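**Q** The following block contains the structure, expressed as structure tokens.
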Amino acid sequence: MSSPTARLAGGVVLTLVIILAYAGYTLNSVRRMRQVQTDIVDTNRKSALQLIRIQGDLNALALALRDMLDRTESYPLSAWASQLDRIRENLDDALRAESRIATARRDPQQNAYLQASFQQLWSAVAQMKALAAQGQSEETISFIRETLEPQQQALTSFTARLLVQNNAEEQRAATQVAAIYSEIERNAYLFLAISLALVLVVSLGLIRSNRLLFDRLASLSNQRRELAQQLISSQESTLRTISRDLHDEFGQILTALGAMLTRAARHAPDSFTAELQESRAIVQDTLEKVRALSQTLQPVILEEQGLGPAIEWHISVFQRQTGIAVEYHPPATPPVMEHTRSIHVFRILQEALNNAARHANVETVTVRLINEPFTLQVADNGGGIDASATPGVGLAGMRERAELLGGALSVVSPPGTTITLQVPYV
Amino acid sequence: MTRRQLLLALAAPPPPLVQLVDVTRAAGLNFVHHTGAFGSRFLPETLGPGCALLDYDNDGWPDILLMNGQDWPGHPRRAATLQLLRNNRNGTFTDVTRAAGLDFPFYGLGVAVADFNNDGFPDLYLTGVGQNRLLRNTGRGTFEDVTVKSGLGNRTGFSTSAMWFDYDRDGHLDLFVCNYVRWTPSQDVFCTLDGKKKSYCTPEAYRGATCWLFRNRGDGTFEDVTAKSGLFDTSSKSLGVAMLDIDSDGWPDLFVANDTQPNKLYRNNRDGTFREVAVRSGVAFGEDGRARAGMGVDAGDFRRTGVEGLAITNFDNEMISLYEGTPNGFVDRAAQTGIASASRATLGFGCLFFDADLDGQLDLLAVNGHIDDSVRGRAYAQPPHLFWNDGAGKFHDVSAQAGESFAKPKVGRGLALGDFDRDGDLDVLLTTNGGPAYLYRNDVSNGNQSIRFRLEGRKSNRDGIGAVVQIDEATGSQTRRIRSGSSYLSSSTLAATFGVGGQRTIKRAIIRWPSGRVDEHANLATGRTYHCMEGQAPVALNYR
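Respectively, the protein sequence lines represent chains A and B. The numbering used here puts the first residue of the first sequence at 162, with every later residue one more than the last. The numbering used here puts the first residue of the second sequence at 5, with every later residue one more than the last.
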């Protein structure tokens with residue numbers, strides 16, 4: 162089975178590429194919008210402000226002309242000269258500002274018309290002022306009515322048209338901006354859909370990969386468990402065979418050897434009697450050791466009397482052999498367990514006690530056996546397990562046996578070492 | 005107290021130890037403005053009255069003049085004339101209107117006071133609806149109506165503020181008159197807020213009217229130079245006028261506050277003409293590019309830079325404009341200084357710079373009040389603003405601390421300053437529309453000293469109007485212009501009063517006369533008035 166990392170990395174890269182592409186697209190769209198706003202909307206607004214200013218000045222001109230025609234002021238018509246000059250100054254300023262902003266975008270004919278119209282207007286104003294300065298009131302009034310007012314009105318209308326035109330352009334720009342917004346919106350949805358699809362595909366791929374991985378792991382775990390079971394069974398079978406052979410074959414041989422040495426001692430000269438008796442004692446000692454070894458490898462007591470007595474027997478042997486004191490806390494009633502299962506408990510106890518004797522500077526060991534739930538706890542007061550050390554075969558064997566029992570083994574260390582086997586049901 | 009509160013308390017400037025004590029009743033002022041209102045809600049009824057602090061009898065004690073309206077033709081309600089109140093030099097005043105010959109019928113609004121004929125006695129120019137009046141002070145406690153004789157007759161209008169100044173620097177005071185709109189009772193327009201009852205119209209309902217400039221020929225007569233000077237403008241609706249020198253060339257320039265129309269700033273071309281530069285100087289429109297409703301105006305060196313700035317009162321929601329003069333024109337500092345937010349809800353009229361607590365910084369006083377008692381959402385009577393200049397760029401409204409009566413809402417209009425009790429600080433006279441006039445005695449209790457300069461021109465106009473007085477102290481310089489006009493419809497005493505804190509002497513005083521002459525006087529003791537004649541050593545006078 163190939164690793165999913167490459168595919169997953171590919172998916173992430175693809176997603177990043179799409180996000181980057183979309184970000185680039187969005188930034189570009191914003192730039193376009195800004196361009197449109199700067200080029201059209203802002204320019205239009207500034208232009209409109211100047212056009213409004215021009216309209217205001219033309220309106221001020223109209224009011225001044227009206228006041229001149231009304232003759233309600235006691236001043237001669239020439240008095241308006243400075244007021245008209247101020248209006249012209251302001252108008253010229255507004256026209257200059259407006260032309261800087263809008264001329265490039267406007268129809269050249271309109272620009273020409275605007276300039277020509279204002280030239281005509283100022284020329285007419287100059288004429289009017291000259292007439293007023295000469296005191297020709299009637300002529301001045303006629304000139305205002307027939308020439309200046311129509312020119313002022315025409316310019317006011319033209320400015321209004323430019324404002325309308327400005328508005329139309331602004332609306333077009335607004336439409337353009339709206340179109341860009343719609344495009345961005347549409348593409349945002351598209352991006353969302355693609356992103357969601359990609360996430361879905363990557364997620365499904367991930368789920369499938371994980372599932373395959375877990376299946377594979379489960380299969381491997383089962384195989385390992387079966388293998389361990391077979392190994393342990395094989396180990397038990399071997400131990401049983403060795404134990405039986407030691408007991409039956411070597412035991413009988415040594416027993417026979419002992420009997421023969423006894424008989425030989427009876428017939429041998431006195432000078433050999435001492436050596437023969439010594440030899441018989443060695444044989445007898447060897448026989449006991451072989452029997453004890455046989456018993457250790459495959460305790461008959463476990464098979465015949467059950468787990469409780471077997472534990473008690475082994476603890477007494479352990480104390481005798483190692484000199485380590487063991488505090489045993491048996492349950493109120495002896496545990497009842499099938500032999501094939503109890504052998505695993507017994508082996509775990511053996512290994513735990515061996516560990517205590519082998520690895521730690523232990524003075525006492527506490528063994529606790531509980532029935533419900535079935536719990537075997539072996540705790541020592543030694544230096545504990547070195548955390549940096551590689552876990553040993555013994556501990557692995559204990560875990561395997563715990564798994565075969567369907568239980569769990571926990572090791573807590575330091576302080577001391579506490580090994581607990583817990584089996585949910587016996 | 006939290007740490008933040010403690011820090012704020014430490015950072016806050018100390019409140020000024022100034023009290024504006026209401027002495028109206030004690031002084032014997034029982035004036036009540038008569039608008040002539042009878043229900044038709046004529047526009048002029050909302051505007052007045054103006055007032056003046058002047059020394060009409062030249063006894064050195066400022067007297068009071070209160071402008072008044074009158075009944076509208078065909079609608080008699082009560083007799084009313086302006087009031088002239090002579091200072092009794094003991095904190096009280098005596099009504100001398102009739103004795104002075106001022107009890108004539110007149111729908112008056114504003115007053116400009118100056119010695120136009122250089123005879124040593126202050127004369128009066130009264131503005132109002134109809135024919136304005138020029139009243140020559142005879143020097144014997146009476147006034148002579150010289151309107152026609154002076155060439156100012158046969159001229160009717162709806163005039164508001166007026167100002168005396170010597171625009172051509174010939175030693176004779178010329179006269180600038182603001183006109184509001186073209187209005188007469190017969191031209192009155194029906195305006196309404198609810199569609200039924202008539203309300204007061206805004207000026208948009210009427211045509212503008214040109215202001216007037218009259219050149220003093222020096223022989224008691226005046227020449228109308230409105231058109232010749234380039235000031236003729238029928239679009240303006242003017243309420244306030246102030247003199248200043250925007251280009252520091254020694255020639256007086258003019259600022260005109262217009263209601264709903266762009267303000268005008270006329271730069272003196274030094275040849276008898278003016279050039280309008282308000283738009284390029286940044287004072288024509290508000291920050292939003294719209295013309296505001298300018299009412300009152302004053303010019304003053306409130307930053308102590310030697311350059312005059314402007315304060316303009318506007319309609320509510322338009323805020324007071326506080327323009328700082330810079331080499332590139334004016335910049336509205338109302339927001340940064342704290343004046344804008346404090347004045348957002350008030351509709352201002354009279355406004356004047358003065359050093360209320362004599363700490364060496366020009367403070368700003370503005371009186372407020374709405375024009376229409378039927379308007380919703382805004383109070384008709386409004387409290388005045390006393391903006392205390394902390395010298396660090398902020399103005400703090402301390403009107404509430406200045407006295408209970410002073411802080412009380414009023415329908416404020418006119419505002420004038422003068423030291424009526426001659427204790428060295430400037431006292432406040434203000435008028436209300438359809439209500440009483442108030443006199444507030446300024447009681448500075450922080451031990452600060454002042455120094456005052458009363459000018460007498462010889463080659464320059466006798467009042468020294470247009471002269472700039474500069475004092476140099478250890479802490480810097482201060483300048484004041486001897487000015488007529490300013491505020492709204494009102495006239496203040498002409499002497500220049502400087503606050504100098506605790507200083508007992510000043511290093512130097514420099515007087516730049518309109519004639520071009522510069523006088524310097526060194527090491528002057530504070531706590532007194534100096535009578536400075538042009539080209540002569542000053543004569544020290546005790547305040548009392």
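Even glycine gets a Cβ: it sits at the ideal position worked out from N, Cα and C. Note that the coordinates shown come from a computational prediction; the quantities given were computed from them, not determined experimentally.
Nearest chain A C-beta to residue 470 of chain B closer than 8 Å, yes or no?
**A** Taking Cβ atoms only, chain A never reaches closer than 8 Å to residue 470 of chain B, which makes this a no.
**Q** Under the rule that 16 or more other beta-carbon atoms within 10 Å means buried, what is residue 222 of chain B, buried or exposed?
**A** It is exposed - the Cβ of residue 222 of chain B has fewer than 16 other Cβ atoms within 10 Å.
**Q** With a CB to CB cut of under 8 Å and the five nearest residues on each side skipped, what residues in its chain are close to residue 266 of chain B?
**A** Counting only Cβ-Cβ distances below 8 Å, and skipping sequence neighbours, we find 282, 283, 288, 289 and 295.
**Q** Just to make sure I have the definition right: I need the residues of chain B whose C-beta is within less than 7 Å of the C-beta of residue 251 of chain A. Which are they?
**A** Going along chain B in sequence order, the residues near residue 251 of chain A (Cβ under 7 Å) are 283.
**Q** For residue 410 of chain B, tell me which candidate among B:435, B:393, B:56 and B:397 has the shortest Cα-Cα distance.
**A** Residue B:435 is the option with its Cα nearest to residue 410 of chain B.
**Q** What are the residues in the region 213-241 of chain A lying within 8 Å of chain B by C-beta distance?
**A** Those residues of the region 213-241 of chain A that come within reach of chain B (Cβ to Cβ, closer than 8 Å) are 221, 224, 225, 228, 233, 234, 235, 236, 237, 239, 240 and 241.
**Q** So residue 511 of chain B is in the beta strand (DSSP E); what residue range does that whole segment cover?
**A** Here the beta strand (DSSP E) through residue 511 of chain B covers 509-516.
**Q** Buried or exposed for residue 386 of chain B, please, with buried defined as at least 16 other CB atoms from any protein chain shown within 10 angstroms of its CB.
**A** Residue 386 of chain B is buried by the Cβ-count criterion.
**Q** Report buried or exposed for residue 392 of chain A, applying the criterion of at least 16 other Cβ atoms within 10 angstroms of its Cβ.
**A** Exposed, because fewer than 16 other Cβ atoms sit within 10 Å of the Cβ of residue 392 of chain A.
**Q** Answer with buried or exposed for residue 325 of chain A, where buried requires no fewer than 16 other C-beta atoms within 10 angstroms of its C-beta.
**A** Classification of residue 325 of chain A: exposed, given that the 10 Å Cβ count is below 16.
**Q** In whole angstroms, what separates the C-alpha of residue 194 of chain B from that of residue 79 of chain B?
**A** If you take the alpha carbons of residue 194 of chain B and residue 79 of chain B, they lie about 18 Å apart.
**Q** Can you give me the C-alpha to C-alpha distance between residue 12 of chain B and residue 342 of chain B, rounded to a whole angstrom?
**A** Here residue 12 of chain B scores only 49 on pLDDT, less than 50, and its place in the model is too uncertain to base an answer on.
**Q** Excluding five sequence neighbours on each side, which residues of the same chain lie with their C-beta closer than 7 Å to the C-beta of residue 401 of chain A?
**A** Around residue 401 of chain A: 459.
**Q** Measuring alpha carbon to alpha carbon, tell me which residue in B:49, B:286 and B:325 is nearest residue 339 of chain B.
**A** With distances taken between Cα atoms, residue 339 of chain B lies closest to B:325.
**Q** Rounded to whole angstroms, what is the Cα-Cα separation between residue 244 of chain A and residue 287 of chain A?
**A** Roughly 13 Å separates the two Cα atoms.
**Q** Could you tell me the distance, in whole angstroms, from the CA atom of residue 93 of chain B to the CA atom of residue 232 of chain A?
**A** Taking the straight line from one Cα to the other gives about 52 Å.
**Q** Out of B:332, B:541 and B:60, state which residue places its alpha-carbon closest to the alpha-carbon of residue 103 of chain B.
**A** Looking at the Cα atoms, B:60 is the closest of the given residues.
**Q** What does a CB cutoff of less than 6 Å around residue 619 of chain A pick up in its chain, not counting 5 residues either side in sequence?
**A** The requested residue 619 of chain A is not part of the displayed model; chain A covers only 162 to 587.
**Q** Have a look at residue 347 of chain A and residue 243 of chain B and give me their C-alpha separation to the nearest angstrom.
**A** Rounded to whole angstroms, residue 347 of chain A to residue 243 of chain B spans 59 Å at the Cα level.
**Q** Got a sec: is the Cβ-Cβ distance from residue 239 of chain B to anything in chain A below 8 Å?
**A** Closer than 8 Å to some Cβ of chain A, the Cβ of residue 239 of chain B qualifies, so yes.
**Q** Closer than 8 Å, CB to CB, is residue 208 of chain A near chain B or not?
**A** Cβ-Cβ to chain B under 8 Å: no for residue 208 of chain A.
**Q** Report the start-end ranges of each beta strand (DSSP E) in the region 268-338 of chain B that is 3 residues or longer and not cut off at the edges.
**A** Entirely contained in the region 268-338 of chain B, the beta strand (DSSP E) runs reaching 3 residues are, in chain order, 268-272, 278-280, 301-304, 313-316, 325-330 and 333-336.
**Q** Helix, strand or coil: how does DSSP classify residue 386 of chain A here?
**A** Helix, per DSSP.
**Q** Note down, in chain order, all residues in the region 227-252 of chain B with a beta-carbon under 9 Å from any beta-carbon belonging to chain A.
**A** Going along the region 227-252 of chain B in chain order, one finds 228, 230, 231, 232, 233, 234, 235, 236, 237, 238 and 239 with a Cβ nearer than 9 Å to chain A.
**Q** Since residue 186 of chain B meets chain A, which of its residues come closer than 8 Å, beta carbon to beta carbon?
**A** Residues of chain A passing the Cβ test: 233.
**Q** Is there a Cβ from chain A that is less than 8 Å from the Cβ of residue 159 of chain B?
**A** Closer than 8 Å: yes.
**Q** Please decide whether residue 132 of chain A counts as near chain B, where near means a Cβ-Cβ distance under 8 Å.
**A** No answer is possible for residue 132 of chain A: the residues shown for chain A start at 162 and end at 587.
**Q** On a Cα-Cα basis, can you pick out the residue from B:383, B:207, B:279 and B:472 that is closest to residue 48 of chain B?
**A** Comparing Cα-Cα distances from residue 48 of chain B to each of B:383, B:207, B:279 and B:472, the minimum goes to B:207.
**Q** What residue ranges within the region 405-480 of chain A form continuous alpha helix (DSSP H) runs of no fewer than 4 residues, ordered along the chain?
**A** List check, alpha helix (DSSP H) in window: 412-428, 431-458 and 461-466.
**Q** Taking buried to mean at least 16 other C-beta atoms within 10 Å of its own C-beta, is residue 496 of chain A buried or exposed?
**A** Buried: at least 16 other Cβ atoms inside 10 Å.
**Q** Between which two residues does the alpha helix (DSSP H) containing residue 253 of chain A stretch?
**A** It spans 242-263 - the alpha helix (DSSP H) in which residue 253 of chain A sits, taken as one unbroken run.
**Q** What residues from chain A crowd round residue 280 of chain B, counting only those whose CB sits closer than 7 Å?
**A** Those within 7 Å of residue 280 of chain B in chain A are 247.
**Q** Could you tell me whether the Cβ of residue 244 of chain A comes closer than 8 Å to any Cβ of chain B?
**A** Yes, residue 244 of chain A counts as interfacial toward chain B.
**Q** Starting from residue 2 of chain B and walking both ways along the beta strand (DSSP E), at which residues does that stretch end?
**A** Chain B is shown only over 5 to 548; residue 2 of chain B falls outside these bounds and no answer can be derived.
**Q** Please list the terminal residues of the continuous beta strand (DSSP E) segment that includes residue 68 of chain B.
**A** Where residue 68 of chain B is concerned, the enclosing beta strand (DSSP E) stretches over 67-70.
**Q** Quick check on the burial criterion: 16 or more other C-beta atoms within 10 angstroms. Buried or exposed for residue 129 of chain B?
**A** Buried, by the Cβ-count rule.
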